[in-house]
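First up is the structure itself, then whatever we jot down about it.
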Amino acid sequence: MANEGGSGCGAGVYAAAMQVCRVCAAQSADGKAFCEECGSPLAAACRSCGSPTTAGKRFCGDCGAALIASAAEVSLNALDTDPVVAARAPSAERRVCSVLFCDLVGFTPLSEARDPEEVRELLSRYFEVARTVIGRYGGVVEKFIGDAVMAVWGTPAATEEDAERAVRASLELIDAVAQLGRDAGAEGLAARAGVVTGPVAVTVGAAGEGMVAGDAVNTAARVQAAAEPGAVLVDEGTRKVAEVAVGFIAAGEHDLKGKAAPMPLWQATRVVAGAAGSQRIDGLEAGLVGRDAELRLVKELFHACVERRTPRLVSVTGAAGVGKSRLGWEFRKYIDGLLVTVWWHQGRCLSYGDGVAFWALAEMVRQRFQIAEEDPSTVAADKLVTGLERWLPNPDERDYVGPRLAQLLGVDYGKATSLLGREELFAGWRLFFERLAATGPVVMVVEDLQYADAGLLDFLEHLLDWARDVPIFVLTLARPELESRRSGWGTGRRNSTALTFDRLDDAAMAALLDALVPGMPTAAKTAIAARAEGIPLYAVETVRMLIDRDIVQPIDGVYRLVGDVGELAVPATLQSLLAARLDTLEPAERRLVADAAVLGGTFPAEALVAVSEQPEPQIRRTLAELVRREVLGVRADPLSPQRGQYAFVQTMFRQVAYDTLSRRERKARHLAVADHLQSTFADAGEEVAEVIAAHLIDALAAVPDDPDVADLRERAVNMLTRAGDRAERTGAPTTAAKAYTTAAGLLDRTGTPDTELAAAALHERAGVATSTVGDFPAAVEHYRKAAEAYRRHGRVRDAARADTSVGASLRRQGRLEEARVQIVGALEILQRDPDADTVAALAEKATLEAFAGNAEE
2 MANEGGSGCG
12 AGVYAAAMQV
22 CRVCAAQSAD
32 GKAFCEECGS
42 PLAAACRSCG
52 SPTTAGKRFC
62 GDCGAALIAS
72 AAEVSLNALD
82 TDPVVAARAP
92 SAERRVCSVL
102 FCDLVGFTPL
112 SEARDPEEVR
122 ELLSRYFEVA
132 RTVIGRYGGV
142 VEKFIGDAVM
152 AVWGTPAATE
162 EDAERAVRAS
172 LELIDAVAQL
182 GRDAGAEGLA
192 ARAGVVTGPV
202 AVTVGAAGEG
212 MVAGDAVNTA
222 ARVQAAAEPG
232 AVLVDEGTRK
242 VAEVAVGFIA
252 AGEHDLKGKA
262 APMPLWQATR
272 VVAGAAGSQR
282 IDGLEAGLVG
292 RDAELRLVKE
302 LFHACVERRT
312 PRLVSVTGAA
322 GVGKSRLGWE
332 FRKYIDGLLV
342 TVWWHQGRCL
352 SYGDGVAFWA
362 LAEMVRQRFQ
372 IAEEDPSTVA
382 ADKLVTGLER
392 WLPNPDERDY
402 VGPRLAQLLG
412 VDYGKATSLL
422 GREELFAGWR
432 LFFERLAATG
442 PVVMVVEDLQ
452 YADAGLLDFL
462 EHLLDWARDV
472 PIFVLTLARP
482 ELESRRSGWG
492 TGRRNSTALT
502 FDRLDDAAMA
512 ALLDALVPGM
522 PTAAKTAIAA
532 RAEGIPLYAV
542 ETVRMLIDRD
552 IVQPIDGVYR
562 LVGDVGELAV
572 PATLQSLLAA
582 RLDTLEPAER
592 RLVADAAVLG
602 GTFPAEALVA
612 VSEQPEPQIR
622 RTLAELVRRE
632 VLGVRADPLS
642 PQRGQYAFVQ
652 TMFRQVAYDT
662 LSRRERKARH
672 LAVADHLQST
682 FADAGEEVAE
692 VIAAHLIDAL
702 AAVPDDPDVA
712 DLRERAVNML
722 TRAGDRAERT
732 GAPTTAAKAY
742 TTAAGLLDRT
752 GTPDTELAAA
762 ALHERAGVAT
772 STVGDFPAAV
782 EHYRKAAEAY
792 RRHGRVRDAA
802 RADTSVGASL
812 RRQGRLEEAR
822 VQIVGALEIL
832 QRDPDADTVA
842 ALAEKATLEA
852 FAGNAEE
């Protein structure tokens, strides 16, 4: 029977497109008889894997690919004689690609013990998982061979991260197969993988089987066969390219079939950085332990968000040190390695200053627009305008979003706009992230959410409730006390998932310590694990203490025990442990750590130079030593214009260092920090006014009987008032009320008429702010405090105005008779000399009477 679509050629034509030397594995074009490299006879090569083949065989002995061409394939041999066909056919070219081979281990005996349909279902799920994982990392599945998969990176388009992505995909696939086995009731199901990077012949335009061929393909199959179950082995070329982002350990030399000499291989252990090594941490860091299921769930929920184009919230809560931030870091590394462009945003809620209004959100927006915290307001405004032209091509939308983002950042957008209300601000901010998400998935990670101001929590809920048909993924990390601030956060709403991190079990703690310091004596591990009580941070800090004592030292990139720990004395509490570490520092190092502790959790080196009395060169040297000793770390967010920000590796270490300062030292350092912030940030510290005020208040509290108390109090009240003003402008009335109340409290304690009257005015402003969010009982309390202060100092009209506000707040609570008494009393005074306050009181009386009439009906 004639071949379908054939050109007269029989089906017995050999299909190998090139030849390979059996001795040196060099490739030559078809038609050559001897190897151009070593002169040995050539054999036909399998088109799929590049292995030498035996004439007359129908299938490759290495990969199982068919060696007999179909009629359609054979017709390509006529390319030289048919120019029309040649113009349509794929062409071949040489490329450097990364080839992945992965196969299942133990699948054959598993198949024998199961129904054939179950086996087919399991295999189909494996193929689907493989395609999904490989596709996420930009690879192309070349073919499936039995229970093995071959994929390639570097064609049809090459990138600088091809080898890195191939290894990332391999690690992800190994993990996914293990989870697949658990889900399918096939415990023990595992995979092994090999990745090789090298030159291959690529058939341009080909799809599926036969796309690449060459020695790298054959070698990748051999490397995979040498791997242990659950392991990923790579060649030297792959390791050299990928080691900036992936951790490797030497796996020794292996005799691979077809190779003249043993080949050194390396085992990939885990991803240690973002793409191309960004955000790499070269200090003490073990692999993620005991949280694999949670990380896997976060990844899948992210992909579900992208595929369904639906906003998603994942809330992670747990005690300090239990691993929340580490989960965020692992997720960051994962996102950075994917092929798809993801718009990553990360912000931290400040504990200092009782939560600056929308600080974490403003931090995310600054990162997106490359606005540094210390940029003058004019520079920040220019960057905002430029960025909006990029992200919002529609001029009408720019005009709408611009003023709202400008109000968030405290800059002038250049167009006359009145202060916008909370709902207007929320709508503009949401529109910006929606338009950004239309071009690629948006991720928003909020750390320390337990410190968030109420406005930020409200906006996140608004975003999740109102955004439609866009992939916006919100991950929040918080301690359990968030529940007292916002009950049920992360539950009870559409597309939300709540995860609670419990303490690690003994096995996980042992695995963590083994990963931190391989070979640590069992007695020492047991003592540390017992004290840690399931908190991984405690174990890490204990190892850092051993590093401080030079008992543990880095050797060839791995921390090793180099001394005898003997009976390791593990302090009973983490605070005692951190204090012990602090005592090991040199005096100059301790002083610098104390200075840094006053600055806050993160700080630039310039800030430390500004507040410390030590010379800058010495500060720079000491900072480097503190980083080496794992006291400080360097945070360099690629989205942020700032580089080289330092941070305490452990936030509790900061508190321990701060507690060592004397009262006068605390005061001096807090004042130095306040001065530095006010001179560094735009508009005399407008954006961080509440933080400056907190430093001034701490300076006041440190030495409350110094002669400069009145001046410091005035400065603090001024900064708190500015903080309240800014919070009102950005739609955070709860934060504004807190600032005004704190300022009023500072003045209430003075006992002088001027300051008490100023406090009364601040209580009125706090009453307005609390009324805005519907907290009318709190508003009544603020207004009454104001009225009492006004009456005490003979300001009866001001007291009547405050009484009117009391009446309005009581009326909103349904306490109509009490409200009537307040309004009538206020009008007796205000009507003697009518003004705007009188008009307001009359309007409130009319409203009250209308309410009373409706109630009677």
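Just so we're aligned, residue 2 is where the sequence shown starts under my numbering, counting upward by one. By construction, the Cβ of each residue, glycine as well, lies at the ideal position given by its N, Cα and C atoms. Just so you know, these numbers come straight off a predicted model, no measurement behind them.
- With distances taken between CA atoms, M546 lies nearest to A581 out of D337, A581, A589.
- Taken through DSSP and simplified to helix, strand or coil, E161 comes out as coil.
- One thing to note: E687 has its Cβ within 8 Å of the Cβ of R727.
- Short of 8 Å from the beta carbon of Y401, and not among the five residues preceding or following it, lie these beta carbons of its own chain, in chain order: G429, L432.
- Across the structure, Q679 and A801 are spaced so that their CA atoms are roughly 38 Å apart.
- Assignment of H304 by DSSP, reduced to helix, strand and coil, places it in the helix class.
- The beta carbons of S99 and D163 sit closer together than 8 Å.
- The secondary-structure analysis by DSSP pairs H255 across a beta bridge with M264.
- Under the three-state reduction of DSSP, F474 is assigned to strand.
- Beta-bridge pairing by DSSP links V97 to P200.
- When rounded, the separation of the alpha-carbon atoms in A673 and D507 is 46 Å.
- Note on V632: 16 or more other CB atoms within 10 angstroms of its CB, so buried under the neighbour-count rule.
- The three-state reading of DSSP puts T318 in strand, counting E and B together.
- Rounded to the nearest whole angstrom, the C-alpha separation of R327 and P734 is 33 Å.
- The stretch 443-458 makes contact with the stretch 327-346; the number of CB pairs closer than 8 Å reaches 3 or more.
- Distance between T751 and A780, taken at the CA atoms: about 23 Å.
- For E687, there is no enclosing alpha helix (DSSP H), as DSSP marks it with neither H nor E.
- Around the Cβ of T379, a 10 Å sphere holds fewer than 16 other Cβ atoms; the residue is exposed.
- Looking at the DSSP output, S497 shares a beta bridge with L314.
- Runs of beta strand (DSSP E) with 3 or more residues, each lying fully within the stretch 484-540, are found at 497-502, listed in chain order.
- The C-alpha of T156 is placed about 29 Å away from the C-alpha of H255.
- Here DSSP, grouped into helix, strand and coil, assigns F249 to strand.
- A buried status is given to L627, since no fewer than 16 other beta-carbon atoms sit within 10 Å of its beta-carbon.
- Contact between A252 and L266 holds: their C-beta atoms lie close to 5 Å from each other, under 8 Å.
- Per DSSP, A780 is one residue of the alpha helix (DSSP H) stretching across 777-793.
- For Y659, there is no enclosing beta strand (DSSP E); the enclosing alpha helix (DSSP H) covers residues 652-660.
- In this structure A787 touches E765 by the C-beta definition: roughly 5 Å separates them, less than 8 Å.
- The beta-carbon distance between L701 and A595, rounded to whole angstroms, is 20 Å. This is too long to meet the 8 Å contact definition.
- Residue pairing by DSSP puts A149 in a beta bridge opposite D104, I146.
- In the three-state reduction of the DSSP assignment, Y414 falls in the coil class.
- Closest in alpha carbon position to A648, among K846, D454, L843, G602, is G602.
- The beta-carbon separation of V224 and V197, rounded to 6 Å, stays under the 8 Å limit for a contact.
- About 12 Å separates the beta carbons of V153 and G136, which is beyond the 8 Å limit, so they are not a contact pair.
- Residues A703, V704 of the same chain have their beta carbon placed closer than 8 Å to that of R665, with the five preceding and five following residues left out of the count.
- Residue pairing of W344 in beta bridges, as defined by DSSP: V443.
- Here S125 is exposed, its C-beta having fewer than 16 other C-beta atoms within 10 Å.
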